[in-house]
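Numbering (the working numbering), first residue to last: 1 to 121.
Report on the following structure.
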Amino acid sequence: MDDRTSGPLLHLTTSAGWAAALEAGAVTPPSLAEVGFVHLSTPAQVHLPAQRLFAGRRDVVVLVVDPALLPDPVRCEPGVPGDPAAMRFPHLYGPLPTSAVVAVVPWRPGTPLDLPLTWGR
């Protein structure tokens, strides 16, 4: 099943993480090896992992991803494994190619996030 959305998907990383991805051609966070997918969020959800993983950091960037440019499946699955009632998050089952990133937005979690009004299409 492929749960791609028509709107953008978001991935959080650091400036250094994005620079490394540009060199490699893809974002390959530890979660890809550990659980087999890259964590993504919708614009309405991104504040949740940001507060949990990046609170207080000043080097965070939001990668705005066009789901139509992803070569691998995206599945919306519970954020808490084994809890079907948990909020569902998009998971990309493969590396996140830098070519699918249509905008990179510096962001300090806890402040308003201004995403581009147009992207990709």
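In this text, a Cβ means the ideal position worked out from N, Cα and C, and glycines have one as well.
Checklist entry - In or out: proline 81 buried (at least 16 other Cβ within 10 Å) or exposed? => result Numbered from its first residue, the sequence shown carries residue 81 at position 81. Classification for proline 81: exposed.
Checklist entry - Excluding sequence positions up to five away, which residues of its chain have a Cβ less than 6 Å from the Cβ of leucine 69? => result In the sequence shown, residue 69 corresponds to position 69, counting from 1. Around leucine 69: Ala100.
Next on the checklist: Please state the DSSP three-state secondary structure of alanine 103.
Outcome noted: Here residue 103 is taken as the residue at index 103 of the sequence shown, counted from 1. Strand at alanine 103.
Next on the checklist: I'd like to check one pair, leucine 40 with histidine 11: are the Cβ atoms closer than 8 Å?
Outcome noted: Numbered from 1 along the sequence shown, position 11 holds the residue referred to as residue 11. Numbered from 1 along the sequence shown, position 40 holds the residue referred to as residue 40. For histidine 11 and leucine 40, yes; Cβs fall inside 8 Å.
Checklist entry - Under a three-way DSSP split, which group does proline 49 fall into? => result The sequence position of residue 49 within the sequence shown is 49, counting from 1. Residue state, collapsed to three classes: helix.
Checklist entry - What residues are listed by DSSP as bridge partners for serine 15? => result Walking along the sequence shown from the start, residue 15 turns up at place 15. Partner(s): none; serine 15 has no beta bridge.
Next on the checklist: DSSP three-state label for proline 90, please.
Outcome noted: Here residue 90 refers to the residue found at position 90 of the sequence shown. It is a strand residue.
Checklist entry - Would the beta-carbon of leucine 92 fall within 8 Å of that of valine 46? => result Here residue 92 is taken as the residue at index 92 of the sequence shown, counted from 1. Here residue 46 is taken as the residue at index 46 of the sequence shown, counted from 1. Their beta carbons are not under 8 Å apart, which means leucine 92 does not touch valine 46 by this criterion.
Checklist entry - With respect to the beta strand (DSSP E) encompassing leucine 63, which residues constitute its N-terminal and C-terminal limits? => result Position 63 of the sequence shown, counting from 1, holds the residue named residue 63. Note, leucine 63: beta strand (DSSP E), 60–65.
Checklist entry - When you compare each of Leu22, Val64, Ala44, Thr13 to phenylalanine 31 by their alpha carbons, which one comes out closest? => result Position 31 of the sequence shown, counted from the start, is the residue given in the question as residue 31. Before going further, note that residue 31 is serine rather than phenylalanine in the sequence given. Residue Thr13 is the option with its Cα nearest to serine 31.
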